[in-house]
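In the order they appear, the protein sequences are chains W and S. With numbering that gives the first Met the number 0 applied, the first sequence corresponds to residues 0 to 231, in that order. With numbering that gives the first Met the number 0 applied, the second sequence corresponds to residues 0 to 231, in that order. Read the structure below first, then the notes.
Number of protein chains: 2
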Amino acid sequence: MFKTMESTPENETKAQRTRALILETALGLFREQGFERTTMRVIARQAGVSLGNAYYYFPSKEHLVQAFYGRTHAEHLEACAPVLSEEKRLGRRLLGVMRAKLATIDPYHRIAGDLFRSAADPESPLNPFGPESARVRAEAVSLFERTLDGSDVRLPKDLRDELPTILWFWQMGVLLFWIHDRSPRRRRTDLLLERTTVLVVRLIGLMSLGVMRPVRGSLLRLVRDLREEPAS
Amino acid sequence: MFKTMESTPENETKAQRTRALILETALGLFREQGFERTTMRVIARQAGVSLGNAYYYFPSKEHLVQAFYGRTHAEHLEACAPVLSEEKRLGRRLLGVMRAKLATIDPYHRIAGDLFRSAADPESPLNPFGPESARVRAEAVSLFERTLDGSDVRLPKDLRDELPTILWFWQMGVLLFWIHDRSPRRRRTDLLLERTTVLVVRLIGLMSLGVMRPVRGSLLRLVRDLREEPAS
DNA sequence: GTCTATAACCGGATAGAC
DNA sequence: GTCTATCCGGTTATAGAC
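Below is the structure:
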């Protein structure tokens, strides 16, 4: 932070390099050995630093996971870009975005259970509903905003405002299913995804109808109220 | 099991009493001190047994949690009985059952996060979707069956068959929210509950209509398909 | 074969010296 | 910023008592 950097020829400080090295080592080991089985000691040893040093950069094993989230989200954005720019039909766009998500995280399916386990704790910084995740969450929601806005479907304003959040919940549900999915090549998740996408699009259509005003009203008010006060 | 019990004046064996003692001690400590902060060593000491002995009866801390589940489910059934026998309106019945659930587990709200954390792991025997939980799950679903059947609402058969499972999912969602709810006296959960109950009843009404046949069809088929093959 | 006790082991996390 | 030495608690091994 307040370092007087007199002589760092590279465009990275030593600290940054050490940090990156530890993170790379950790992610590699997580993917190969699993999360629980990868101990902090092994990460440190393989990265060539001491255990204490690893904890200097990442205050807990969970903090390594946060870094992981950031990375896969960036990859997801990249993987989404084509379908978002080329496709107009809402169903296709949603399916494309969700499939890209699943494809991005698929290499980490083994450890998804462990990660989710940490994330499930309300006190955990990894808790997707918690304040520490606000930023990632907002980015994920805004991705659905773009998915909606770039489509050929016109929505009533009230629905348009809350729908991205609802779709994010849908994504969380699909991910929850994916985590528990033991079928070969995660076929069941894909089934769930295809079927629910159709339903979602159909429900959006239904909810846009005049008759649905009252139901839609209560639903949207509910989502808004619950979203406003972000727990605690 | 195959014990030749020649002389046990009490209707409990010593083993049963020891087991019960450890469980009681553990649950009490969990409630007072929290789950993580209650160590197996303290449980054992306070119960007046050795650490090894505690592990003899409960192979892991998670097994204590399973016992806890069984207990609260039984309490829930008891707490539901009045509303189920006295009330005919579906909304009231659902609300009563759900409120009874929340009331039953409320003393354990502090530790709910930790418990949920264990339960979130797909490999964990506590995972509510896993095979080890099949029995509890079936009981919970059948409670919703009774909630529906005793009401004054008549449902199309296809809906009636799948709805209990769907309501169980709803319950899981509410519980998830409850776990993360930090508002005083869990007001936000109650808000969610009241509002979603109205929605659920309304949606059931809507879904029973002729126009909804196609949507209902896909929805129910989806639930059925995903339910059939119980992961793995 | 049922039960109890003691002494480790292992890995996440911390303290404090340099 | 980096290290070594420890702590702490879940879990296991094992020895033996009833």
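All residues carry an ideal CB built from backbone N, CA and C; glycine is no exception. Predicted, not measured: the structure shown is a model, and the values here were computed from it.
| Item | Value |
| --- | --- |
| Bounding residues of the alpha helix (DSSP H) (the contiguous stretch that carries S:G95) | L89 to I104 |
| Reference W:D160; option with closest CA among W:R109, W:F34 and W:V140 | W:V140 |
| Which of helix, strand or coil DSSP assigns to S:N148 | Asn is not the amino acid found at residue 148 of chain S; the sequence shown has Asp there. In this structure, S:D148 counts as helix in the three-state DSSP scheme. |
| Own chain, CB closer than 7 Å to S:S217, minus 5 neighbours either side, in chain order | none |
| Contacts that S:V197 makes with chain W (C-beta to C-beta distance below 8 Å) | S217 |
| Chain-ordered residues of the stretch 116-127 of chain S with a beta carbon less than 9 Å from chain W | R116, S117, A118, A119, D120, P121, E122, S123 and N126 |
| Alpha-carbon to alpha-carbon, W:V64 and W:P124 | 10 Å |
| is_contact[W:V214, chain S] using C-beta, thresh 8 Å | yes |
| Pair within 8 Å by beta-carbon distance, S:Y107 and S:R30 | yes |
| Where S:M0 sits in the DSSP three-state scheme | Low confidence applies here, because S:M0 scores a pLDDT of 35, under 50, leaving its location unreliable; read the following figure in that light. S:M0: coil per DSSP, three-state reduction. |
| Simplified DSSP assignment, three categories, for S:P124 | coil |
| Proximal residues to S:A14 (C-beta, below 6 Å), its chain only, five neighbours per side dropped | none |
| Closest Cα partner of W:L198 within the set S:R212, S:V200, S:T196 and S:V199 | S:R212 |
| Rounded C-alpha distance that separates W:V96 from W:G172 | 15 Å |
| Contacts of S:L190 in chain W (Cβ-Cβ under 9 Å) | L221, D224 and L225 |
| Short CB-CB distance (under 8 Å) between S:D113 and chain W | yes |
| Continuous alpha helix (DSSP H) stretch holding S:F29: start and end | K13 to Q32 |
| Three-state secondary structure assigned by DSSP to W:S132 | helix |
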